[in-house]
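The sequence shown begins at 5 in our numbering and counts up one residue at a time. Structure first, then comments.
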Amino acid sequence: MKTYISHFRRARLSGAALLLSLGACAVNPATGGRMFSLVSEGQEIDIGQQAMAQVDAGMGLYDGPALQAYVDSVGQAMAAVSERPELPWTFKVVDDPVINAFALPGGPVYLARGIMAHFNTEAEMASVLGHEIGHITARHSVEQISRAQLMQIGLVASVVLVPELRPFGDVLGGGLGILFLKFGRDDESQSDQLGFRYMTRLGYDPQGAVDMFEILERQRDASGGTVPEWQSTHPDPGNRVLAAEQRIASSQIEGGVVRRGEYLRHIDGMMFGKDPAQGFFVEGRFVHPDLRLQFRFPEGWDTQNAPTSVLAQSPEGDAVMQLTLGEGDTPEEAADAFFDQQGIERLSARSRTVNGLRAVQGTFRVTTQQGTLDGQALFVRHGELVFRFMGYTPTERMGTYAVTFEQALESFAPMNEERWINLEPKHLEIIQVPAEMTAERFFQRFPSTVSLETVRRINGWDEGHVIAAGSLVKRVIGEGVPGDE
């Protein structure tokens, strides 16, 4: 790799110098500083709009019109006081249980419902919306795209359609079909500062930012040091708490808009945790109530239920299995569509049935930049859909995994168990406590279908917290996916 990059840089040095001489540096609209940019505002907007269509279709939006309108109204108000109010701003909630938020170039901002379950005030939500707005106003993604262009890897370096067979390192993270830009910690710190600017311009209590970073600290501690997805490329949440407190002290801003009750009323009834209708792992298998299917991945493999596929990776990281929809109306059409792709060689294929379902099973070889991969694929019709279930590994490892792949493919079958088909998701319920009580007493009087520690986290309670009479607090009701907290 180092040899390639060194050669590449020598070969393209004159081209890079030419680009720089053409005025690639611009003024950052949010900071007033100089920034490197080869992307116009129009191109930035186009990239973001294309990516937004991918997110909306791939991840799916949360089905809650009132909640969507509420988030958009808060976001629009904040964007209006930013340095780029004229952008086509959109603010949406994606149907994702993780603690996450992200921004796309040129205006689209997303909150996952998982992070919304942990907010307790509108001020906390505003702090995250402001942070994501800051990424856009400071054109952080544009700067990365421009550097990618300079290296001649194009705009697709930032928003990339995941190919059929992605190198192992990206497979588990690529189920959506879009790779989001990963910002550096300097960009993240700058976005924290800009978010503080926007929320205080609207009169929000900046303590909301401190509270938000404390939420991330609690989640990190509960996960044994594993940070939430939104936090993975950010500075340490403890350091961010200190930085936010220092900003408040320097600004001499005291208090402001919080809107706890209004926020909690908007999330009353919101789904909590995984949506059973999207499928889940239970008893060593994956079941999908809506699609009425089930199958087993190899025992001990890392698994992920992504929006458009279900994935598994071997403990050694040298083999991958994936279930997704096939192209076409029949197993034969789906097999042809897959095997006819450029770079994929069909080694064998035969018609068969698997657990009473019509199917085509075959083997294939594909050449990648990392070498050749061999795989097995099953194209099976179930209901009105055709599924592609496949496993692949480097050619030299196929002997190790051939039987493993075969056993997994054989496990694809209809699922008709009423206990899973009728499984209701968990939901948040907002309770007004009638009297002062401890968290333990609240948990006894108003039981949840998650642990007391989870109830503490989503309410932002520390150990020993006493709930004041009349307070609005969250509990979780509904059976939901087994073991999901």
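Glycine included, each C-beta is placed from N, C-alpha and C at the ideal position.
First and last residue of the uninterrupted beta strand (DSSP E) at H292: R289 to H292
Alpha-carbon to alpha-carbon, R460 and A443: 7 Å
Closest by C-alpha distance to E258, when choosing among N243, P210 and F299: P210
F446 (DSSP reduced to helix, strand or coil): helix
Status (buried if at least 16 other CB within 10 Å, exposed otherwise) for T204: buried
Helix, strand or coil at V59 according to DSSP, with G and I counted as helix: helix
Contact set for D322: own chain, Cβ-Cβ below 8 Å, skip 5 residues either direction: F172, T397, P398 and R401
Own chain, CB closer than 6 Å to G464, minus 5 neighbours either side, in chain order: The answer, listed in chain order, is N124.
Length at least 4, wholly inside the region 44-115: the alpha helix (DSSP H) runs in chain order: 45-62 and 69-84
Completely contained beta strand (DSSP E) runs for the region 266-327, where each covers 3 or more residues: 284-286, 289-292, 297-299, 306-309 and 313-317
First through last residue of the alpha helix (DSSP H) which encompasses L456: L456 to N463
C-alpha distance - E388 paired with L361, whole-angstrom precision: 12 Å
Same chain only: Cβ atoms within 7 Å of R479, ignoring 5 sequence neighbours per side: E433, I435, F450, S452 and V459
Nearest candidate by alpha-carbon position, reference M274, set L65, R369, D50 and G474: Considering only alpha carbons, the answer is L65.
Meets three-Cβ-pair contact criterion under 8 Å: the region 253-271 and the region 94-109: Not touching, per the Cβ criterion.
Selected residue, minimal CA-CA separation from G482, among P429, Q298 and Q365: Taking only the C-alpha atoms, the option nearest G482 is P429.
L133: CB within 8 Å of a non-hydrogen atom of the ligand PLP: The ligand PLP is not part of the structure shown, which contains no ligands of any sort.
Reference V146; option with closest CA among P101, D340, G110 and E126: The shortest Cα separation from V146 among P101, D340, G110 and E126 belongs to G110.
Three CB pairs or more closer than 8 Å across the region 400-419 and the region 368-385: yes
Residues near P92 by beta carbon distance below 6 Å, same chain, minus five either side: Taking P92 as the centre and dropping the five residues before and after it, the same chain places the C-beta of G111 closer than 6 Å to its C-beta, in chain order.
Anticipated Cβ contact below 8 Å, A226 with E457, distance rounded: A Cβ-Cβ separation of about 7 Å places A226 in contact with E457 under the 8 Å criterion.
Check whether N309 and F285 have beta carbons under 9 Å apart: yes
Simplified DSSP assignment, three categories, for S236: A caution first: S236 carries a pLDDT of 48, below 50, which makes its placement in the model unreliable, though a value can still be read off. Here S236 sits in coil by DSSP.
Alpha carbon of G79 to alpha carbon of A73, nearest angstrom: In this structure, the CA atom of G79 is about 10 Å from the CA atom of A73.
Sequence-distant residues of the same chain with beta carbon closer than 7 Å to F499, five excluded per side: The displayed coordinates of the chain run from 5 to 489. Any statement about residue 499 would go beyond what the structure contains.
Minimum C-alpha distance to A281 - residue among H135, I462, R423 and V113: R423
Rounded Cβ spacing between P311 and M63 (contact assumed at less than 8 Å): Confirmed, Cβ separation roughly 5 Å.
Start and end residues, alpha helix (DSSP H) containing E428: Taken as a continuous stretch (DSSP letters only), E428 belongs to no alpha helix (DSSP H), as it is neither H nor E.
S4 burial status per 10 Å Cβ neighbour count (16 or more: buried): No statement about residue 4 is possible, as the shown extent of the chain runs from 5 to 489 and does not include it.
Close Cβ partners of T376 (< 8 Å) along its chain, the five nearest in sequence each way excluded: Result list for T376: R369, V370, P398 and T399, in chain order.
Simplified DSSP assignment, three categories, for I348: If DSSP states are grouped into helix, strand and coil, I348 belongs with the strands.
Where the alpha helix (DSSP H) containing Y202 begins and where it ends: R189 to R205
Backbone CA spacing between L198 and F95 [nearest angstrom]: 17 Å
Extent of the continuous beta strand (DSSP E) run through D378: That run of the beta strand (DSSP E) goes G375 to H386.
Residue(s) in a DSSP beta bridge with P418: L297, per the DSSP bridge assignment.
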